[in-house]
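*Asks:* Sending over a structure as structure tokens; questions will come in a sec.
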Amino acid sequence: MGSKSLAKTEKDRPTPTRSLAAVMDIGSTFIRMTIAEGTGAGGFTILERVVQSVAIGREVVASKRLSNATIEKCAAILRSYQGLLKEYAIPAETVRVVATAAVREAANCDAFIDRLSVASGVRVSVLDVSEVSYYHHLALQPVLARDKKAEKTAYCVMEIGGLATEVLYLVKREIRFAQTYDNGSLRIRQQLQESGMPDRRMTEVAGGRAREMELNLAQNIRDLDALRLVLLGREMRFAASRILEDWSGEGLAAVSVSALAKLVREVVALPLDELARVHRLAYPDAETLGPALMIALRMAKALGLKTVYIGGMSFCDGLVIEAMEGLVWDKRMSRHILRIAQETGLKYRHDARHARHVAQLATRLFDLLQTEHRCTPLHRLILEAAAWLHDIGVFINARGHHKHSMYIIQHTEFPGLSARIINLIALVARYHRKAVPQPVHPDYMALSHDDRLVVCKLAALLRVADAFDRVHDQSLGEVRFDLQEGLLTCIPAQPVDISAEQLALAEKGDLFEQIYGRRCLIRNP
Amino acid sequence: MKLCADRFFNRELSWLAFNQRVLDEALDEGNPLLERLKFLAISASNLDEFYMVRVGGLKLMLEEGRHVRDESGLTVRQQLQAVVRRIRKMLADQSSLYKRLRAELHGQGVQFLSVAALNEAQTRVLTRRFEDDVLSALTPVALVEGRPYRPANLLLHVAVRLAPAPGGEGDRYALLPLGPNVARFMQVPSPEGVAFVPVEEMVCEWVERWFEGCEVLECVPFRLTRNADIELREELAPDLLAGMQELLDERKETACIRLEIGRQASRAMVAFLVRTFELDRGDVYPVNGPLELRAFMRFASLDGFESLKNEPWPPQPSPLVDLKESIFPQIAAQNVLLHLPYESFDPVVKFVGDAAADPAVIAVKQVLYRTASGSAVIDALIRAAQSGKHVTVLIELKARFDEARNITQAQRLEQAGVEVIYGVRNLKTHAKVCLVVRREPQGIVRYVHFGTGNYNESTARLYSDLGYFTCDPDLGRDAAAFFNAVAGYSQPQALSRLCMSPFNLRETLLEVIDAETARARGGEKASVTIKVNTLTDTEMIDHLYRASQAGVKVQLNVRGICCLRPGVKGLSENIAVVSIVDRFLEHARICAFHNGGSEKIYIASADWMPRNLDRRVELMVPIVDKTARRQVSQILKGYFRDNRKARRLLSDGTYVRAEEGKSAFRVQEELYRQACLAARRKEQTKPTVLEPYRPKQAE
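In order, the protein sequence lines correspond to chains B and E. Numbered as in this note's numbering, the first sequence ends at 525 without a single skipped number. Numbered as in this note's numbering, the second sequence ends at 1699 without a single skipped number.
Given below as structure tokens:
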């Protein structure tokens, strides 16, 4: 797994050059490059979109490793793309190059990335599943913004890749749920080949693999009456171009499930060679077409839909939007992550009022001590998300709930956040009570030195903020802080009983004192 | 409805019928004499190429034992027999026509003389030219067993039979290759006009000068044709450039398949040459007159005999392009349709030239198939690269008979820093497209020129073609995707407007034809109007037959080969085929479909042949712009009104001249008249302002 420090992640994102941006995406069956030009107000037009087939997914599914031949082919493709970059005078080092599930799963992922860096001069970031979801979401935003009904519609967005299927559930254009399922078109293809089954038995294979998805979606997706299933990806674009006479690739095109079913029947009835010949597809595209369409059809039926919507956009468009707008950790992103944190809190039935209060206090302290901790807006977001989620472990057991919180957060998807950042949220939440970070804690020790410092700085604030609402009744009300040499004093607006909070501070103020060199007190005005 | 089995004409015989139409223009006494001579030369040149490639191909098939039948039902042997029979007749017709033309030209002051017919002064001049220019320039080659000599393809030679050496047995043989270092015709003074002596006559007259001390028994001109139906096996040639160079060398040594020799040659001479060059007796073509009639092409531009030539039709300036202004704002203001050679090729050269000079241009991409020598387009591409622009040129090294020139041009471009692509593996890139990417205040804008003909300034004065300049974003995006595909940056992607073979060009055409068929079946008006150079693709033809059966009005203007049999009841009675051979070579490919009243019009680089639709990279461009669409539609209609130069194809495969109606209509003449009118109107609308030159002000 490629771990990225915050600084590196931010540096990875290109500075827009004269409103041109380029992104490259190393997928399971192709390497794609998009060059776009900003048109102002966040819009952009695609200048070039080039794509070349690779067998990354197929190799990873078969042997978990990428062969030298494939690695060299990928390097050659990236080098060839530089010809186009040169044409538009886009420096190669400003290009965002990302890899997704297939590369992520390769046992020699790091060697692959290193080889590409040496052979083609580009630095590849391996996106976590959450980041991919986030870019899907971002790519959809321009379309949803134009749809007047978007605010009242729930969208289940699905991209069926070679190795995995990404699902996003959006309500009011915000992500409510995101999940990646280990169910991709190449995996189905491999299962068919290994068992020697013909394509017409794909329904059974795809059905078996899709069952988990169906159950999970049924649990998580509400608002079925107003639900739209949005299908993304090359195979879906192929379906739209075959089913709809004048499909332009713009917006979301409605396709009837019966038409999709008919196409699936036609596709799986043809041997692969014939399929490639008849539809003039590259062989790798022909291989994934049937399985991907089958999964999509299966999901549409499971959700009881008569119509699905196919979008011409891809998560690459999200990368372009980010590169165009210089979006890194802006308000939209923060709002987005916090929305997921809140949804997750509700899911685990936390005390939402307490969580909100602690989050407010923690972020006030963060802002107050900015000159001392010198952390970034992303760290503020980590703290706020951890504050919202610090008690969710109670859902499992109140005893040791800080550790349960950590575990739940570590396994929750935050589209747009890397696994490293999610882990930081989890650890900050974990240290909201009981022991402070210690060298005997394996999760803590697995962090880089810088990240350990971040956890300490943020956990110190969260412990204090949590102490200020010990009895979960927000009895202190509006407080003000008095910051002096060696001392931070919290003063409620009105005189109240502060005995419980004082006791809590005595238990939990230790880390704050260690990190910030100040004792923390609470006194009535 | 079923389609009958004998619905296709044989393509080779159809081609020969086309060449006969060219020869008919030479026979047509309504044409000026030197134009007739030119048509004769063209028909001879065409026949040379046909023999090298098509007859060569049939011979190879026969050798390989491929006993397939063509779509018309003929075996290879039957085709070969029919073709050879037709060629012999054509050669005889050409020779007798030459004699008639020579006599008529003689009366008009253009004389082609034998040495015997020269007067004293002329003989003196010719003798001097022989001594100065010929004697030392030619080297005889003795033909000796064990020392093989390989005569160059189509090069005129003189074969010499010498008496046996003292004490030797049997005649001796030698050759004199009349290479490019000697002129084909020697001019001698003539009080009546101009006079020329063919070089082979001069060589035969004084042949003893090369063989001092030998007795010359016989001297006769001849020419060998080699099989040119060889192509590079790309799977065995990792380096295309080196592979093509090897192919050019190989072509010099392919089997000899034809011997053309002066009729006066003795049996012994013919037998010797047949044996030496491993020919069959059936490959011998005795010629009653000069060989290599294509060499007479040069007299079409003979100075001082304007009455023997067509009235000049100089290309007119396009009324839509002001050559003094940058071309890009002009294209941005309106799409520009260019009709060559009625209109000048200058805007195309200017397009590339402006791209080279314009600092806002960031990239230029172009496909070159056949280029002119000293090409201004290539010079402009080199300038563009030298001025720091990203220039990509796909120059098709596999363009038959232009390989050597294209290799040279490719090397020039490479040296100038152009990104050169030699072509695409297993496909010939025949599309005519040039893309200029320009950075403008509102963003990147792509300007594109699509054409039906080559970027070749020489042929642009002779071939009738269409060009279309546009900055339509969809077409620009498609053009960029096209170049990304041929440059190997990307696998081919779905194009929004352009159709590209071998991917969707055929499918698109079939879809639109079938749509017309469906309309006709539904009782709606339906029509298909096509202008191509060649129609051989049986799938396309069958769809046209079905359209005809459904009642679609199908009009075809096919200049050359047409395998479709028109006018057969129950099959093709709604199909009419005309062919036009006139002073300009018809070369544009246009398709129009009624489409329920909203006419669909395309221009294309592709003929309707399997090779173009399946084995070449071609483009077909929809003309959406209303004005341009109307223009193309009018042009197309004209071809079916012509009753001067049009020949109608009958169901038996013969062509007859279209009947002249009340008023004569010659489409090329009309198109030229329209071009002149448009240019004149444009000139008239120009404000009369004097443009004084002023001293340049200091900055």
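Even for Gly, the Cβ is constructed at its ideal location relative to N, Cα and C. All figures in this text were calculated on a predicted structure; none of them were measured in a lab.
Between residue 20 (chain B) and chain E, is the shortest Cβ-Cβ distance under 9 Å, so that the two count as touching?
*Replies:* To locate residue 20 (chain B), count along the first sequence from 1; it is residue 20. Closer than 9 Å: yes.
*Asks:* Would you kindly check if the distance between the Cβ of residue 1575 (chain E) and the Cβ of residue 984 (chain E) is under 9 Å?
*Replies:* Not covered by the structure: residue 984 (chain E). The range shown for chain E is 1001 to 1699.
*Asks:* I'd like the list of long-range same chain contacts for residue 212 (chain B), defined as Cβ closer than 8 Å, with 5 residues on each side in sequence excluded.
*Replies:* The residue given as residue 212 (chain B) occupies position 212 in the first sequence. Only 181, 183 meet the Cβ criterion.
*Asks:* Taking Cβ positions, are residue 232 (chain B) and residue 314 (chain B) nearer each other than 9 Å?
*Replies:* Translated into the one-based positions of the first sequence, residue 232 (chain B) becomes position 232. Translated into the one-based positions of the first sequence, residue 314 (chain B) becomes position 314. Result yes, Cβ atoms of residue 232 (chain B) and residue 314 (chain B) sit closer than 9 Å.
*Asks:* Taking its Cβ as the centre, do 16 or more other Cβ atoms sit within 10 Å of residue 1347 (chain E), making it buried, or is it exposed?
*Replies:* Residue mapping note: residue 1347 (chain E) aligns to position 347 of the second sequence, counting from 1. By the neighbour-count rule (16 or more Cβ atoms within 10 Å), residue 1347 (chain E) is buried.
*Asks:* Give a yes or no on whether 9 Å exceeds the smallest Cβ distance from residue 88 (chain B) to chain E.
*Replies:* One-based indexing of the first sequence puts residue 88 (chain B) at position 88. So, interface residue.
*Asks:* Considering only C-alpha positions, which residue in the set E:1196, E:1423, E:1030 is nearest to residue 1644 (chain E)?
*Replies:* Working through the second sequence from its first residue, we reach residue 1644 (chain E) at position 644. It is E:1030 whose Cα lies nearest to the Cα of residue 1644 (chain E).
*Asks:* Tell me the DSSP bridge mates of residue 1553 (chain E)?
*Replies:* Your numbering for residue 1553 (chain E) matches position 553 in the second sequence. Answer is E:1527, bridged to residue 1553 (chain E).
*Asks:* Only counting runs of 4 or more residues, tell me where the alpha helix (DSSP H) segments fall wholly within the segment 1648 to 1690 of chain E, in order along the chain.
*Replies:* Taking only runs of at least 4 residues, the alpha helix (DSSP H) segments lying wholly in the segment 1648 to 1690 of chain E are 1667 to 1685.
*Asks:* Return helix, strand or coil for residue 198 (chain B), following the three-state DSSP convention.
*Replies:* For this step, residue 198 (chain B) is matched to residue 198 along the first sequence. The answer is coil: DSSP assigns residue 198 (chain B) none of H, G, I, E or B.
*Asks:* Below 7 Å on C-beta distance, what does residue 1494 (chain E) contact in chain B?
*Replies:* The count along the second sequence starts at 1 and reaches residue 1494 (chain E) at position 494. By Cβ distance, chain B contributes 241.
*Asks:* Which of the residues in the segment 1429 to 1456 of chain E, read from start to end, lie with their CB under 9 Å from any CB of chain B?
*Replies:* Correct list: 1437, 1439, 1442, 1443, 1444, 1446.
*Asks:* Who are the Cβ neighbours of residue 49 (chain B) in its own chain at under 6 Å, not counting the five residues just before and after it?
*Replies:* What you label residue 49 (chain B) is simply residue 49 of the first sequence in a count that begins at 1. Taken in chain order, the residues that qualify are 34.
*Asks:* Does DSSP put residue 1152 (chain E) in a helix, a strand or coil?
*Replies:* Position 152 of the second sequence, counting from 1, holds the residue named residue 1152 (chain E). Three-state DSSP puts residue 1152 (chain E) in coil, outside helix and strand.
*Asks:* Using 8 Å as the Cβ pair cut-off and three pairs as the minimum, do the segment 465 to 485 of chain B and the segment 348 to 368 of chain B touch?
*Replies:* Judged by Cβ distances under 8 Å, the segment 465 to 485 of chain B makes contact with the segment 348 to 368 of chain B, as three or more pairs qualify.
*Asks:* Using the Cβ count rule (16 or more neighbours within 10 Å means buried), how would you classify residue 1119 (chain E)?
*Replies:* The count along the second sequence starts at 1 and reaches residue 1119 (chain E) at position 119. Under this definition residue 1119 (chain E) is an exposed residue.
*Asks:* Can you pull the DSSP bridge partners for residue 490 (chain B)?
*Replies:* For the purposes of this step, residue 490 (chain B) is identified with residue 490 of the first sequence, where counting begins at 1. For residue 490 (chain B), which the question treats as bridged, DSSP gives the partners B:481, B:522.
*Asks:* List the DSSP bridge partners of residue 1367 (chain E).
*Replies:* In the second sequence, counting from the first residue as 1, residue 1367 (chain E) sits at position 367. Looking at the DSSP assignment, residue 1367 (chain E) forms a beta bridge with E:1394.
*Asks:* Would you list, in chain order, the members of the segment 1356 to 1379 of chain E that have their beta-carbon closer than 8 Å to a beta-carbon of chain B?
*Replies:* Residues 1362, 1363.
*Asks:* What in chain E is Cβ-close to residue 39 (chain B), meaning under 8 Å?
*Replies:* Sequence index remark: in the first sequence, residue 39 (chain B) carries index 39 (1-based). 1443, listed in chain order.
*Asks:* DSSP state of residue 1218 (chain E), grouped into three classes?
*Replies:* Counting from one through the second sequence, the residue named residue 1218 (chain E) turns up at place 218. Of the three classes helix, strand and coil, the one that applies to residue 1218 (chain E) here is strand, per DSSP.
*Asks:* What do you get for residue 1258 (chain E), buried or exposed, if any count of 16 or more other CB atoms within 10 angstroms of its CB means buried?
*Replies:* Along the second sequence, one-based indexing puts residue 1258 (chain E) at 258. Residue 1258 (chain E) comes out buried.
*Asks:* If you run the structure through DSSP and keep just helix, strand and coil, what is residue 1245 (chain E)?
*Replies:* Position 245 of the second sequence, counted from the start, is the residue given in the question as residue 1245 (chain E). Helix at residue 1245 (chain E).
*Asks:* Within the 9 Å Cβ cut-off, does residue 45 (chain B) reach chain E?
*Replies:* For this step, residue 45 (chain B) is matched to residue 45 along the first sequence. For residue 45 (chain B), the answer is yes, since a Cβ of chain E falls inside 9 Å of its Cβ.
*Asks:* What in chain E is Cβ-close to residue 52 (chain B), meaning under 7 Å?
*Replies:* Taking the first sequence and counting its residues from 1, one reaches residue 52 (chain B) at position 52. What residue 52 (chain B) touches in chain E: 1490, 1491.
*Asks:* Using the C-alpha atoms, what's the distance from residue 1098 (chain E) back to residue 1111 (chain E)?
*Replies:* For the purposes of this step, residue 1111 (chain E) is taken as the residue at position 111 of the second sequence. For the purposes of this step, residue 1098 (chain E) is taken as the residue at position 98 of the second sequence. Each residue's Cα considered, the two are about 12 Å apart.
*Asks:* Identify, in the order they occur along the chain, each residue of the same chain with its Cβ nearer than 8 Å to the Cβ of residue 1126 (chain E), setting aside the five sequence neighbours on each side.
*Replies:* Working through the second sequence from its first residue, we reach residue 1126 (chain E) at position 126. Same-chain partners within the cutoff: 1115, 1118, 1186, 1188, 1197, 1202.
*Asks:* How about residue 48 (chain B): is its C-beta nearer than 9 Å to some C-beta of chain E?
*Replies:* Position 48 of the first sequence, counted from the first residue, corresponds to residue 48 (chain B). Interface residue, yes.
*Asks:* Go ahead and pull the three-state DSSP assignment for residue 1627 (chain E).
*Replies:* Taking the second sequence and counting its residues from 1, the one referred to as residue 1627 (chain E) is at position 627. The answer is helix: DSSP assigns residue 1627 (chain E) an H, G or I state.
*Asks:* If we require 4 or more residues per run, which alpha helix (DSSP H) segments fall completely within the segment 1038 to 1107 of chain E?
*Replies:* Qualifying alpha helix (DSSP H) stretches, in chain order: 1056 to 1063, 1076 to 1107.
*Asks:* Anything in chain B within Cβ reach of residue 1390 (chain E), meaning under 7 Å, just list it in chain order.
*Replies:* As a working note, residue 1390 (chain E) is residue 390 in the second sequence. Going along chain B in sequence order, the residues near residue 1390 (chain E) (Cβ under 7 Å) are 86, 87.
*Asks:* Between B:144, B:505, B:159, which has its C-alpha nearest residue 549 (chain B)'s C-alpha?
*Replies:* Residue 549 (chain B) is absent from the model: chain B starts at 1 and stops at 525.
*Asks:* What would DSSP say about residue 1142 (chain E), mapped onto helix, strand or coil?
*Replies:* Here residue 1142 (chain E) corresponds to residue number 142 of the second sequence, with the count starting at 1. Three-state result, residue 1142 (chain E): strand.
*Asks:* Taking 9 Å as the threshold (beta carbon to beta carbon), is residue 475 (chain B) in contact with chain E?
*Replies:* Numbered from 1 along the first sequence, position 475 holds the residue referred to as residue 475 (chain B). For residue 475 (chain B), the answer is no, since every Cβ of chain E falls outside 9 Å of its Cβ.
*Asks:* Answer with yes or no whether the minimum CB distance from residue 277 (chain B) to chain E is below 9 Å.
*Replies:* Stepping through the first sequence from its first residue, residue 277 (chain B) is reached at position 277. Chain E, which has no Cβ nearer than 9 Å to the Cβ of residue 277 (chain B), makes this no.
*Asks:* Under 8 Å by Cβ, that's how I've got residue 1221 (chain E) and residue 1679 (chain E) pegged, so tell me the actual separation to the nearest angstrom.
*Replies:* Counting from one through the second sequence, the residue named residue 1221 (chain E) turns up at place 221. Counting from one through the second sequence, the residue named residue 1679 (chain E) turns up at place 679. Between residue 1679 (chain E) and residue 1221 (chain E) the Cβ distance is about 47 Å, and since that is not below 8 Å, they are no contact.
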